[in-house]
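Below is one structure, written out as structure tokens; the observations come after it.
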DNA sequence: GGCGGTCTGACGGTTTGCTGACAATCTCCG
DNA sequence: CGGAGATTGTCAGCAAACCGTCAGACCGCC
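Now the structure itself:
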């Protein structure tokens with residue numbers, strides 16, 4: 534089983550990450566400061582590390598450098614605060630493999646984690662390339678390349694639209710509330726409460742439904758949310 | 534056993550919540566002000582907290598913040614008064630996981646509690662996805678998708694109709710009084726005294742019974758209420 | 001500076017829910 | 001058996017809730 538180490542001092546965030554990663558089938562360990570994080574990383578040799586740069590005690594940069602100096606080469610994904618452009622660069626120079634800017638959508642992070650692991654894993658002969666494409670109606674969603682085909686034709690979706698579609702797809706057949714969608718697509722702290730979700734759903738319908746006014750797959754469940762049907 | 538802490542100063546409401554939650558099999562503790570609530574939450578570490586925002590002494594916001602600052606990450610469901618839109622947002626920003634607007638139907642609250650616990654629960658591989666479908670006659674009720682099938686065909690129900698049906702289903706075989714239904718579906722401050730329930734029952738019969746005038750499943754119990762039979 | 005992507009608030013259409021009057025039915029009892 | 005009273009069923013109209021839509025603002029990026 535793939536093991537992931539999360540080095541994050543904010544309990545809420547750590548909790549949310551653990552949950553979502555575990556749902557995806559990873560084995561998760563959390564360290565809430567830099568020192569512990571480094572110890573666990575050296576000791577436990579996880580397959581991937583999610584590392585907040587802003588940490589009490591030993592900060593993320595030092596953890597990362599120490600880790601690389603100790604010869605550990607597992608992929609590291611760093612979490613940076615918005616606008617800390619310099620931090621990203623510095624992190625990447627120190628040997629991070631990717632970064633995500635807070636606040637981030639869970640799906641974005643999951644996608645990047647998956648990408649890093651796929652890149653790191655030696656492609657097994659006969660192994661497939663990540664999760665299989667999902668289909669509904671005449672639409673095919675290929676997570677690995679963030680591509681959507683409709684009747685074999687590529688449909689350009691914006692990032693938000695794609696994430697929203699995946700979020701609905703992950704719980705296909707079940708009602709997904711607007712709040713859930715906000716959490717999963719927009720970020721761990723839902724702060725958008727207006728017609729945002731509806732607008733994006735409308736756009737998805739326009740691009741993926743034959744008759745957007747009478748959708749057959751992306752359905753409205755009044756008073757509850759939305760539901761995706763094959 | 535799953536333990537839930539209810540922080541609510543209104544005794545009637547607290548009592549009602551305790552009752553209903555206990556019927557669902559939860560172990561319930563009640564705190565009637567913010568200070569006690571915080572203490573019990575930190576001390577007892579319940580699996581979930583239902584938190585009224587409007588509290589004497591230390592209000593819900595402060596409880597929530599203090600709780601999160603103390604590193605407690607259990608899901609919190611907040612109760613807000615209708616129209617206090619800003620409160621919802623503020624609550625969510627402070628780390629609440631969901632909210633319910635007063636007055637609320639007990640069933641709605643129970644559904645949300647269940648959803649939060651399911652999300653927090655360790656994802657058993659091969660675990661199912663929520664409660665199984667219920668059947669009576671040729672009718673199948675699927676809570677997860679808020680869908681009703683009749684003879685395999687989807688029957689569109691309005692939100693109230695669906696909730697009402699679930700309420701009857703929960704006590705299948707037993708008489709459910711109009712007052713119970715009002716409490717569970719409409720809200721604890723049941724102020725609808727006219728033919729509301731009957732109207733909705735009639736609509737359910739029209740949609741789900743072969744002969745709505747001689748119902749075989751959604752039965753009237755004169756002077757008492759209604760009863761649902763397989 | 002233009003452009004695509006995103007978010008928001010206002011607006012309007014449609015659905016849904018509620019109500020109260022009236023009709024139908026049941027129960028009890030003379 | 002018949003009738004009064006109590007209880008439930010039905011209906012249509014109104015009001016509110018809810019969602020889809022859109023234009024405009026904003027913002028980061030080329």
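Chains as they are written, first to last, in the numbering used here: chain R, 534 to 763; chain E, 534 to 763. We treat Cβ as the ideally placed atom computed from N, Cα and C, and that holds for glycine. Just so you know, these numbers come straight off a predicted model, no measurement behind them.
Residue i versus residue j: straight-line alpha-carbon distance, rounded
i, j, result
"residue 577/E", "residue 606/R", "42 Å"
"residue 540/E", "residue 746/R", "44 Å"
"residue 523/R", "residue 670/E", "Past the boundaries of the shown model lies residue 523/R; chain R is included only from 534 to 763, so the question cannot be answered."
"residue 534/E", "residue 714/R", "30 Å"
"residue 681/E", "residue 730/R", "26 Å"
"residue 612/R", "residue 685/R", "37 Å"
"residue 537/E", "residue 710/R", "23 Å"
"residue 600/R", "residue 571/R", "7 Å"
"residue 767/E", "residue 614/R", "Residue 767/E lies beyond the range of chain E shown here (534 to 763); nothing can be said about it."
"residue 649/E", "residue 617/E", "22 Å"
"residue 557/E", "residue 705/E", "15 Å"
"residue 701/E", "residue 726/R", "33 Å"
"residue 597/R", "residue 632/R", "13 Å"
"residue 668/R", "residue 743/R", "16 Å"
"residue 624/R", "residue 683/R", "39 Å"
"residue 716/E", "residue 703/E", "14 Å"
"residue 634/E", "residue 721/E", "12 Å"
Own chain partners of residue i with C-beta closer than 6 Å, once the 5 adjacent residues on each side are dropped
i, result
"residue 653/R", "608"
"residue 740/E", "688"
"residue 675/E", "666"
"residue 501/R", "For chain R, the structure presents residues 534 to 763; residue 501/R sits outside this window and is missing."
"residue 590/R", "566, 567 and 568"
"residue 553/E", "639"
"residue 583/E", "539 and 610"
"residue 827/E", "Coverage of chain E is limited to positions 534 through 763, which leaves residue 827/E absent and any answer about it impossible."
Neighbouring residues, chain E, relative to residue i (Cβ below 8 Å)
i, result
"residue 718/R", "None at all; the shortest Cβ gap to chain E is about 15 Å."
"residue 757/R", "679 and 692"
"residue 706/R", "677 and 678"
Contact set between residue i and chain E, taken where Cβ atoms lie within less than 7 Å
i, result
"residue 548/R", "606"
"residue 760/R", "678"
"residue 754/R", "679"
Enclosing alpha helix (DSSP H) for residue i [first to last residue]
i, result
"residue 759/E", "Unbroken run through residue 759/E is the beta strand (DSSP E), 758-761; no alpha helix (DSSP H)."
"residue 707/E", "Run containing residue 707/E: none; DSSP gives neither H nor E here."
"residue 568/E", "567-577"
Coil, strand or helix - residue i by DSSP
i, result
"residue 627/R", "coil"
"residue 738/R", "helix"
"residue 688/E", "coil"
"residue 729/E", "helix"
"residue 600/E", "helix"
"residue 667/E", "strand"
"residue 522/R", "Nothing in the structure corresponds to residue 522/R, since chain R is present only between 534 and 763."
"residue 548/R", "helix"
"residue 683/E", "strand"
"residue 536/R", "strand"
"residue 660/R", "Its pLDDT being 45, under 50, residue 660/R is placed unreliably in this model, and the value from its coordinates should be taken loosely. In the structure shown, residue 660/R sits in coil (DSSP, three-state: anything other than H, G, I, E or B)."
"residue 746/E", "coil"
The beta strand (DSSP E) enclosing residue i, as first and last residue numbers
i, result
"residue 644/E", "Run containing residue 644/E: none in the beta strand (DSSP E); it sits in the alpha helix (DSSP H), 639-653."
"residue 614/E", "609-614"
"residue 673/E", "672-675"
"residue 564/R", "560-564"
"residue 754/R", "751-754"
Contact list for residue i against chain R, beta-carbon separation under 8 Å
i, result
"residue 601/E", "544 and 545"
"residue 624/E", "Within 8 Å Cβ-Cβ: nothing; residue 624/E doesn't reach chain R, min ~11 Å."
"residue 619/E", "Result: empty, since nearest Cβ-Cβ is about 10 Å, beyond 8 Å."
"residue 631/E", "712"
Own chain residues within Cβ distance below 8 Å of residue i, not counting five before or after
i, result
"residue 543/E", "585"
"residue 708/E", "754, 757, 758, 759 and 760"
"residue 752/E", "759, 760, 761 and 762"
"residue 627/E", "594, 597, 598 and 601"
"residue 549/E", "639, 716 and 721"
Residue i: contacting residues in chain R (beta-carbon distance under 9 Å)
i, result
"residue 653/E", "548 and 552"
Cross-chain neighbours of residue i in chain R, by beta carbon under 7 Å
i, result
"residue 580/E", "By Cβ distance, chain R contributes nothing, its closest Cβ being about 13 Å from residue 580/E, past 7 Å."
"residue 628/E", "545"
Own chain partners of residue i with C-beta closer than 7 Å, once the 5 adjacent residues on each side are dropped
i, result
"residue 592/R", "567 and 586"
"residue 630/R", "608, 609, 610 and 649"
"residue 737/E", "694, 697, 698 and 751"
"residue 580/R", "535, 536, 537, 607 and 650"
"residue 642/R", "633"
Amino acids of chain E, ordered along the chain, whose beta-carbon sits closer than 9 Å to that of residue i
i, result
"residue 726/R", "618, 621, 622 and 625"
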